[in-house]
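Colleague: If you scroll down you'll find the structure; I have some questions about it.
In this note's numbering, the protein residues as written are 537 to 705.
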């Protein structure tokens, strides 16, 4: 298995908005994205986190890689958006360590295809376990503050695994 990871847009945007996109590079080196994810990042906008994404691309920490072959793109496109389809196909093509994805349908399809998956919360747990961050809960709070959707059950599971507590709302 390769040491590179492939990422979907949602987690990349969220990590950039909470100023932790570099965590991916620190933990795994370069992160690959397909062209459809590059388009989803909307780098021409002035949204929060865009400058961080642009820097990661210009420094080669995020790399756009073409997906080959695209023959399955149309059948998967019935279930998923183009970015998720290309991310799944690129993850297969590159035999990646894992696909960073949070969207439920995309996770289900990736699992069925035998692709290891990690969501943003799992990534933060791994980062804490490996000593890259001291605490998970403050970052979960930041994700919630920017409007990232995390279920209360997921937050509870993650904070329990991390042996932490969330700040009161």
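Even for Gly, the Cβ is constructed at its ideal location relative to N, Cα and C. Model, not experiment: these values are computed from the prediction.
To the nearest angstrom, how far is it from the Cα of residue 562 to the Cα of residue 571?
Modeller: By 1-based counting over the chain shown, the position of residue 562 is 26. By 1-based counting over the chain shown, the position of residue 571 is 35. About 23 Å.
Colleague: What residues match up with residue 599 in a beta bridge as DSSP calls it?
Modeller: Locating residue 599 in the chain shown gives position 63, where the first residue counts as 1. In DSSP, residue 599 forms a bridge with 568.
Colleague: Among residues of its own chain, excluding the 5 on either side of residue 603, which ones have a beta-carbon nearer than 7 Å to its beta-carbon?
Modeller: Along the chain shown, one-based indexing puts residue 603 at 67. Same-chain partners within the cutoff: 570, 622, 625, 626 and 629.
Colleague: In its own chain, which residues sit with a C-beta less than 7 Å from the C-beta of residue 616, not counting the 5 before and 5 after it?
Modeller: Counting from one through the chain shown, the residue named residue 616 turns up at place 80. Taken in chain order, the residues that qualify are 641, 642 and 645.
Colleague: State the DSSP-derived secondary structure class of residue 574, mapped to helix, strand or coil.
Modeller: One-based indexing of the chain shown puts residue 574 at position 38. Helix.
Colleague: Pair every Cβ in the stretch 547-563 with every Cβ in the stretch 671-684, then say whether three or more of these pairs are closer than 8 Å.
Modeller: yes
Colleague: Please state whether DSSP places residue 543 in a helix, a strand or coil.
Modeller: Numbered from its first residue, the chain shown carries residue 543 at position 7. Note: residue 543 maps to strand in three-state DSSP.
Colleague: Ends of the alpha helix (DSSP H) at residue 662?
Modeller: Stepping through the chain shown from its first residue, residue 662 is reached at position 126. Residue 662 -> alpha helix (DSSP H) spans 656-665.
Colleague: CB-CB under 7 Å to residue 702, same chain, minus the five flanking residues each way: which ones, in chain order?
Modeller: Locating residue 702 in the chain shown gives position 166, counting from the first residue. These residues qualify, in order along the chain: 673, 676, 677, 691 and 695.
Colleague: Buried or exposed: which applies to residue 664, given that a residue is buried once 16 or more other Cβ atoms fall within 10 Å of its Cβ?
Modeller: The residue labelled residue 664 in the question sits at position 128 within the chain shown. It is buried - the Cβ of residue 664 has at least 16 other Cβ atoms within 10 Å.
Colleague: How far does the beta strand (DSSP E) with residue 635 in it reach, from first residue to last?
Modeller: Within the chain shown, the letter at position 99 stands for residue 635. Element bounds for residue 635: 634-636.
Colleague: Hey, how far is the Cα of residue 638 from the Cα of residue 671?
Modeller: On the chain shown, position 102 is the one that residue 638 refers to. On the chain shown, position 135 is the one that residue 671 refers to. Whole-angstrom Cα-Cα distance: 21 Å.
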